[in-house]
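Here the structure comes first, spelled out in structure tokens, and everything after it is commentary.
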Amino acid sequence: MSDPVLLDNVTHKNLRVITRSGKAFGDSVNLVPVFPPEFGDVQREYPILLRKEKEGGYQALALLGFDVGENLFLEGDRWQASYIPGVIARGPFMIGFQQWERDGELLREPVIHVDMNSPRIRDGGEEGEPVFLPYGGNSPYLERIAAILRAIHQGVTVSKTMYAALESLGLIEPVNIQIEIHRDQHYDLQGYFTIADEKLAELRGDALEELNRAGFLGGAFLLRASLNNVKKLIEMKRRKIIGRTSGG
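The structure is reproduced here in structure tokens:
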């Protein structure tokens, strides 16, 4: 069970974090949430699919493998890609909120929390990246984490507005991806959505201008283009099977 607590440089002055990848750290997943601010990096490596949420709206997911718990990019303790999605790269850190009242107004400020039950956590020692500098300042590692958390926080808000705008223009459509690894192994990915390519290309006038002004047009093109990476995953899956059958 996770144990998120507010991060501070006194209580956690000796905190270190294991940054390598691995199954033991929860990296064996085949789907991971991603957000519009990182689409440019994500689409260079992974297919991005949209899933409709129970409470409404959509969540973008990077596809890492075809079987539940299969991450084709994970080899031992190495993640074989140029970019690791922010939800994974953030490690044991997450955003929480502090509330206080000022002039009768209730304010909420995002702050960093850390899951002290994460297997990545070390209290002292030499293993892992230090979270704080010896005299209490943020380490370069923590600064990187803060930037990742900001992008996720912004992405959650942007996502809702972006997908609502795309849906209102009829630009989100169902997609079924049928995959043949070899004659006896097939996958049929259903229940996902993507960008309607033809409708996107036909956009003109005010609708096109509004999407572009809002910064959503580029994200729509990136999301659709990312589906080309399905072929890459198929080849990775085939190589994995060949390696397993040959004893490699």
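Note that numbering that gives the first Met the number 0 numbers the sequence shown so that position 52 is 51, with each residue one more than the last. C-beta: ideal position from N, C-alpha, C; glycine also.
In this structure, the beta-carbon distance from PRO109 to PHE96 falls below 8 Å. Look at the segment 186-245 and you find these whole runs of alpha helix (DSSP H), each 4 residues long or longer: 196-201, 204-213, 215-224 and 228-244. As computed with DSSP, LEU106 is found in a beta bridge with TRP99. The beta carbon of SER27 lies closer than 6 Å to those of GLY68 and ASN70 in the same chain, with the five residues before and after it left out. Under the 8 Å Cβ criterion, the segment 69-83 does not count as touching the segment 172-192, having fewer than three qualifying pairs.
Within its own chain, the residues whose Cβ lies closer than 8 Å to the Cβ of ASN116, once the five positions on either side in sequence are excluded, are MET0, SER1 and ASP2, listed in chain order. Taking C-beta separations shorter than 6 Å and ignoring five residues to either side along the sequence, the partners of PHE38 in its chain run GLY218 and LEU221, following chain order.
Around the CB of THR156, fewer than 16 other CB atoms lie within 10 Å, so the residue is classed as exposed. Using a C-beta cut-off of 8 Å, the segment 199-206 makes no contact with the segment 15-25, since fewer than three inter-stretch Cβ pairs fall below that distance. For the pair ALA80 and GLU44, the Cα-to-Cα distance works out to about 7 Å.
Between VAL33 and LEU60, the C-beta gap is smaller than 8 Å, which places the two residues in contact. Within the same chain, ASP40, VAL41, ARG43 and GLU44 come within 7 Å of TYR82 by CB-CB distance, once the 5 residues on both sides are set aside. Secondary structure at LYS51: strand, using DSSP grouped into helix, strand and coil. Here the alpha carbons of LEU49 and ASN228 stand approximately 15 Å from one another. One Cα belongs to PHE192, the other to ILE147, and the distance between them is close to 26 Å.
Contact annotation: TYR186 and PHE65 have beta-carbon atoms nearer than 8 Å. With respect to the 8 Å criterion, VAL113 and HIS181 are not classified as neighbours on the basis of their beta carbons. In this chain, the alpha helix (DSSP H) harbouring VAL155 covers 139-167.
If you draw a 10 Å sphere on the C-beta of LEU165, you find 16 or more other C-beta atoms in it, and that means buried.
Spanning the alpha carbons of PRO46 and ALA88 requires a straight line of approximately 18 Å. Residue pairing from DSSP leaves ALA23 without any beta-bridge partner.
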